[in-house]
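The next block holds one structure in the form of structure tokens; read it before the comments.
Number of protein chains: 2
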Amino acid sequence: MTQPADNSGVAGMLCFSLYSASHAFTQLYRPLLEKFELTYPQYLVMVSLWNKDGQNVKELGSTLFLDSSTLSPLLKRLNAAGLITRTRNPQDEREVLLHLTEKGRALQERAGDVMQCIGEAAALDAETLETLRSTIDALRDRLHQSAN
Amino acid sequence: MTQPADNSGVAGMLCFSLYSASHAFTQLYRPLLEKFELTYPQYLVMVSLWNKDGQNVKELGSTLFLDSSTLSPLLKRLNAAGLITRTRNPQDEREVLLHLTEKGRALQERAGDVMQCIGEAAALDAETLETLRSTIDALRDRLHQSAN
DNA sequence: TGCAAATAGATCGCGCACAAAGTAATTTGT
DNA sequence: ACAAATTACTTTGTGCGCGATCTATTTGCA
């Protein structure tokens, strides 16, 4: 009974689970991010830049699985909020390089509390969470592959 | 090392995994649903109504974790497409009852292929998928609880 | 060298997603 | 009985998310 004879039913349930769980995370983050005046996608961009400053839009998009039509306006808003700068790469004027401002870097310290709250709400041991994460990532990559 | 001392880092990674995996599902569904002229959220609504016809908006929203301000325009579009009807409940004129039309019911047959494709793309045995689903659902409900 | 193809972003249009505020019907409290 | 509170849904405004299309820059290759 462990044969992958017909996954269609289970996969149908799973896609709904992911859909609603992802929204649940967004809804949990929203009030926490409110005092920083960040939306959840904006926060994910900041996390990515805290991890690696100076990325261009394409690079950022490939890690977040978002394309430039989503990121361009979002990045403009982060720029307007004074958290990042957007400058063309002199070596290749097609690229827009994204750099944290002082204010953007400073936000990282204050955002530690947010992570803390999420960790508590998840209320699972690190090992279970990590297993869950890697299973989901593997599934995501397989779906991404199928979609070409 | 299995103590939940500090989940914040892992939980941070996990929320991103869910975020991107959910999008990956959407992107996989999109081309499959195109020939039915349905978006992914519209499809989820149809699945819910195939499961239980005659729900009202609130009931539908609680199963999909969406509120009426998202559903109202979506349901109007499904109505305009001739897939559902929207009628006030005579017993309580506040409620809008959602019923499948003949065309809406007929769509269910043709949608079997979609589930099939998703099941194949997931490419995991049913048991693993089911475990994954139930873990995510439990997490989602805990997050939902935390958000009050 | 010259010019087509490829690449990086930006813009536009449409459909979610959700907070806030509005409308109408029903229930509750006195 | 009837005003206040509650409930179900709609409307409005803002910000994603993405396909399609556009502009500007760089690369390839004949």
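Chains A and B, in that order, are what the protein sequence lines are. Sequential numbering of the first sequence, starting at 11, is according to the working numbering. Sequential numbering of the second sequence, starting at 11, is according to the working numbering. Glycine included, C-beta positions come from ideal geometry on N, C-alpha and C.
* **Whole-Å CB distance - Leu117/B paired with Leu142/A, under 8 Å assumed** => Position 107 of the second sequence, counted from the first residue, corresponds to residue 117/B. Position 132 of the first sequence, counted from the first residue, corresponds to residue 142/A. In fact, because the Cβ distance is near 34 Å, the residues do not count as touching under 8 Å.
* **Thr145/B: first and last residue of the uninterrupted alpha helix (DSSP H) it sits in** => Taking the second sequence and counting its residues from 1, the one referred to as residue 145/B is at position 135. 136 to 156 is the extent of the alpha helix (DSSP H) around Thr145/B.
* To do: Check Thr111/B in the structure and name its three-state DSSP category.
  => In the second sequence, counting from the first residue as 1, residue 111/B sits at position 101. If DSSP states are grouped into helix, strand and coil, Thr111/B belongs with coil.
* Could you tell me whether the region 108 to 125 of chain B touches the region 79 to 98 of chain A, where touching means 3 or more Cβ pairs closer than 8 Å? => no
* To do: Can you tell me which of Thr73/A, Leu28/A, Ala157/A, Met125/A puts its alpha carbon nearest to the alpha carbon of Val55/A?
  => Numbered from its first residue, the first sequence carries residue 55/A at position 45. Comparing Cα positions, the closest option is Thr73/A.
* For Pro100/A, does the three-state DSSP call read helix, strand or coil? -> Your numbering for residue 100/A matches position 90 in the first sequence. In the structure shown, Pro100/A sits in coil (DSSP, three-state: anything other than H, G, I, E or B).
* **Rounded straight-line distance, which links the Cα of Leu110/B to that of Asn66/A** => Residue 66/A sits at position 56 when you count from the first residue of the first sequence. Residue 110/B sits at position 100 when you count from the first residue of the second sequence. Answer to the nearest angstrom: the Cα atoms are 48 Å apart.
* Could you give the distance in angstroms between the alpha-carbon of Arg152/A and the alpha-carbon of Ala131/B? -> Taking the first residue of the first sequence as position 1, residue 152/A is located at position 142. Taking the first residue of the second sequence as position 1, residue 131/B is located at position 121. Rounded to whole angstroms, Arg152/A to Ala131/B spans 7 Å at the Cα level.
* Asked: What residues of chain A sit near Ile146/B, judged by a beta carbon separation below 7 Å?
  -> For the purposes of this step, residue 146/B is identified with residue 136 of the second sequence, where counting begins at 1. Within 7 Å Cβ-Cβ: Ser27, Leu28, Ala31.
* Asked: Using the beta-carbon of each residue, which ones in chain A are nearer than 9 Å to Ser79/B?
  -> Here residue 79/B is taken as the residue at index 69 of the second sequence, counted from 1. Correct list: empty, because the minimum Cβ distance to chain A is about 14 Å.
* Leaving out five residues on either side along the sequence, give the residues of the same chain with a beta carbon under 6 Å from the beta carbon of Gly114/B. => In the second sequence, the residue the question calls residue 114/B occupies position 104. Answer for Gly114/B: Leu93, Ile94, listed in chain order.
* To do: In the DSSP assignment, find the alpha helix (DSSP H) that holds Leu85/A and state where it starts and stops.
  => Position 75 of the first sequence, counting from 1, holds the residue named residue 85/A. 78 to 90 is the extent of the alpha helix (DSSP H) around Leu85/A.
* Asked: Of the residues that make up the region 111 to 128 of chain B, which ones have a beta carbon closer than 7 Å to any beta carbon in chain A?
  -> Met125, Gln126, Ile128
* To do: Measure the C-alpha to C-alpha separation of Ser27/B and Glu103/B and round it to an integer number of angstroms.
  => Position 17 of the second sequence, counting from 1, holds the residue named residue 27/B. Position 93 of the second sequence, counting from 1, holds the residue named residue 103/B. Approximately 43 Å between the Cα atoms of the pair.
* Is the Cβ-Cβ distance between Val124/B and Leu42/B less than 7 Å? -> Locating residue 124/B in the second sequence gives position 114, counting from the first residue. Locating residue 42/B in the second sequence gives position 32, counting from the first residue. Yes.
* Output the distance between the C-alpha atoms of Gly64/A and Leu108/A, rounded to the nearest integer angstrom. => Position 54 of the first sequence, counted from the start, is the residue given in the question as residue 64/A. Position 98 of the first sequence, counted from the start, is the residue given in the question as residue 108/A. Roughly 5 Å between the two C-alpha positions.
* Asked: Terminal residues of the continuous alpha helix (DSSP H) containing Ala131/A?
  -> Indexing the first sequence from 1 puts residue 131/A at position 121. Where Ala131/A is concerned, the enclosing alpha helix (DSSP H) stretches over 122 to 132.
* To do: Pull up the distance between the alpha-carbon of Asn89/A and that of Thr80/A, whole angstroms please.
  => Reading the first sequence from its first residue, position 79 is the one you call residue 89/A. Reading the first sequence from its first residue, position 70 is the one you call residue 80/A. Their backbone Cα atoms lie some 15 Å apart in a straight line.
* Considering only C-alpha positions, which residue in the set Glu140/A, Leu134/A, Ile128/A, Leu149/A is nearest to Thr138/B? -> Taking the second sequence and counting its residues from 1, the one referred to as residue 138/B is at position 128. With distances taken between Cα atoms, Thr138/B lies closest to Leu149/A.
* To do: For chain B, find out if any of its Cβ atoms is closer than 7 Å to the Cβ of Gln37/A; answer yes or no.
  => Counted from its first residue, the first sequence places residue 37/A at position 27. Yes, Gln37/A counts as interfacial toward chain B.
* To do: Please decide whether Pro14/B counts as near chain A, where near means a Cβ-Cβ distance under 7 Å.
  => Here residue 14/B corresponds to residue number 4 of the second sequence, with the count starting at 1. With a pLDDT of 46 at Pro14/B, under the threshold of 50, the predicted position of this residue should be treated as unreliable, and no value is reported.
* Which term fits Ser30/B, buried or exposed, when burial requires 16 or more other beta carbons within 10 angstroms of its beta carbon? -> Residue numbering aside, residue 30/B sits at position 20 when the second sequence is read from its first letter. Buried, by the Cβ-count rule.
* Compute the beta-carbon to beta-carbon distance between Gly129/A and Ala133/B, rounded to the nearest angstrom, for a pair I have assumed lies under 8 Å. => For the purposes of this step, residue 129/A is taken as the residue at position 119 of the first sequence. For the purposes of this step, residue 133/B is taken as the residue at position 123 of the second sequence. So it is not a contact: roughly 31 Å between Cβ atoms.
* Asked: Counting contacts by CB-CB distance shorter than 7 Å, is Ser156/B in contact with chain A?
  -> Here residue 156/B refers to the residue found at position 146 of the second sequence. At least one chain A Cβ lies under 7 Å of Ser156/B.
* Between the C-alpha atoms of Glu47/B and Glu112/A, what's the straight-line distance to the nearest angstrom? -> The residue given as residue 47/B occupies position 37 in the second sequence. The residue given as residue 112/A occupies position 102 in the first sequence. Each residue's alpha carbon lies about 47 Å from the other.
* Take Thr49/B as the anchor and find which of Asn61/B, Thr36/B, Ser58/B, Trp60/B has the nearest alpha-carbon. => As a first step, residue 49/B is located in the second sequence; it is residue number 39 there, counting from the start. That would be Thr36/B, whose Cα lies nearest to the Cα of Thr49/B.
* Would you mind reading off the limits of the alpha helix (DSSP H) that contains Thr73/A? => If you number the first sequence from 1, residue 73/A lands on position 63. 67 to 74 is the span of the alpha helix (DSSP H), which, as asked, contains Thr73/A.
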